[in-house]
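S.K.: Residue numbers (our numbering): 49 to 267. Glycine residues also receive a C-beta, built at the ideal position from the N, C-alpha and C atoms. One structure, as structure tokens, below. Some questions next.
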């Protein structure tokens, strides 16, 4: 269990609904409203050049190619850093005008994205950090990254606890979907099969996304 008592998403289990503060583009929807479609969730940050150069164009290609074959694509803007730039206001600006901010703006010609995102896009639910970091909260993050953590020497465990505590203390907000799916960064993709089972979570662009979707379509 982690903050707000939601379960961590696990591959091979039912995919929990995305935690959303607002659907900024498209209809109010979620994983449980996609019928028997395969669902790709493209997770990005507004201030993430790689998301707009690689991750999102790849997801748009998949949307255009497979939407008539039973594939839904949803966009999820999140924030695990640069909380002043990865805001709902900047997401709205980007979706309406193409205008980018921060590092993304510097990387793009004319400071704008040259395409429209065609699928629904939500803003992750951001919870203001209270400053208190519980052992339970630290354990949920650590054990997901280091499965054999309990068997490690005490000295090593204490070092990891210190590092994780510093990480949580440095965060202004906690992004609920990002944490629930134990994402490592952006761009990330979440794949859910026709039965609503979480099948894959991947970080970065590795060129394998389309073949994973084809495999799910062939099941």
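1) Per DSSP, what kind of secondary structure is residue 173 in: helix, strand or coil?
2) Determine whether the beta carbon atoms of residue 137 and residue 174 lie at a separation below 9 Å.
3) Since residue 248 sits in a beta bridge, which residues does DSSP pair it with?
4) On the three-pair Cβ rule with 8 Å, is the segment 101-118 touching the segment 80-88?
5) Runs of 3 residues minimum, wholly inside the segment 51-107: which ones carry the beta strand (DSSP E) assignment?
6) Quick one: is residue 227 buried, meaning 16 or more other Cβ sit within 10 Å of its Cβ, or exposed?
7) Give the C-beta separation of residue 161 and residue 142 to the nearest angstrom, bearing in mind that I take them to be a contact with Cβ-Cβ under 8 Å.
8) For residue 107, collect the residues of the same chain with a Cβ closer than 6 Å to its Cβ; drop the 5 residues on either side in sequence, then sort them by chain order.
9) Taking its Cβ as the centre, do 16 or more other Cβ atoms sit within 10 Å of residue 159, making it buried, or is it exposed?
10) With a threshold of 7 Å on Cβ separation, who are the neighbours of residue 256 within its own chain once the five nearest residues in sequence on each side are excluded?
11) Any idea which residues DSSP pairs residue 122 with across the strands?
12) Once the 5 residues before and after residue 156 are set aside, which same chain residues still bring their CB inside 6 Å of it?
13) Say yes only if the C-beta of residue 116 is nearer than 8 Å to one or more non-hydrogen atoms of the ligand NAD, and no if none qualify.
14) Where does residue 222 sit, in a helix, a strand or coil, going by DSSP?
15) Checking the sheet assignment: what are the DSSP bridge partners for residue 147?
16) Could you give the first and the last residue of the continuous alpha helix (DSSP H) run that contains residue 264?
17) Straight-line CA distance for residue 206 to residue 264?
18) Excluding the five sequence neighbours on either side, which residues of its own chain have a C-beta within less than 8 Å of the C-beta of residue 221, listed in chain order?
19) Which whole-angstrom value describes the C-beta separation of residue 245 and residue 60, a residue pair presumed to lie in contact below a C-beta threshold of 8 Å?
20) Grab the span of the alpha helix (DSSP H) containing residue 271 for me, first residue to last.
21) With residue 168 and residue 123 assumed to form a contact (beta carbons below 8 Å), what rounded beta-carbon distance in angstroms separates them?
22) Nearest by alpha-carbon distance to residue 210: which of 230, 100, 105 and 187 is it?
23) Of all the options 81, 72 and 154, which has the alpha carbon lying nearest to the alpha carbon of residue 95?
M.R.: Once the coordinates are examined:
1) Shown here, residue 173 sits in coil according to DSSP, grouped into three states, outside any helix or strand.
2) Cβ distance not < 9 Å, so residue 137 and residue 174 don't count as in contact.
3) Residue 248 is bridged to 239.
4) A contact exists between the segment 101-118 and the segment 80-88.
5) The segment 51-107 is shown to contain whole beta strand (DSSP E) runs of 3 or more residues at 68-73 and 86-92, in chain order.
6) With a 10 Å radius around the Cβ and a threshold of 16 neighbouring Cβ atoms, residue 227 comes out buried.
7) With a Cβ gap of about 7 Å, residue 161 and residue 142 count as contacting.
8) Beyond the five residues adjoining it in sequence on each side, residue 107 comes within less than 6 Å, by CB distance, of 90 and 121 in the same chain, given in chain order.
9) Residue burial is scored here from C-beta neighbours: residue 159 has fewer than 16 other C-beta atoms within 10 angstroms and is therefore classed as exposed.
10) Hits under 7 Å: none found.
11) As DSSP reads the structure, residue 122 sits in a beta bridge with 89.
12) Setting aside the 5 residues that flank it on each side, residue 156 is surrounded in the same chain by 148, each with a C-beta closer than 6 Å to its C-beta; the list follows chain order.
13) The ligand content of the structure shown is nil, which means the ligand NAD is not present either.
14) In this structure, residue 222 counts as strand in the three-state DSSP scheme.
15) Residue pairing of residue 147 in beta bridges, as defined by DSSP: 160.
16) 257-265 is the extent of the alpha helix (DSSP H) around residue 264.
17) When rounded, the distance between both Cα atoms is 42 Å.
18) The beta carbon of residue 221 is closer than 8 Å to those of 127, 131, 174, 175, 176 and 177 in its chain, skipping five residues each way along the sequence.
19) Contact flag correct, Cβ pair sits at about 7 Å.
20) Examination of residue 271 is not possible in this model, given that the chain is present from 49 through 267 alone.
21) Between the beta-carbon of residue 168 and that of residue 123 there is about 7 Å, and that keeps the pair under the 8 Å contact cut.
22) Of 230, 100, 105 and 187, the residue nearest in Cα terms is 187.
23) It is 154.
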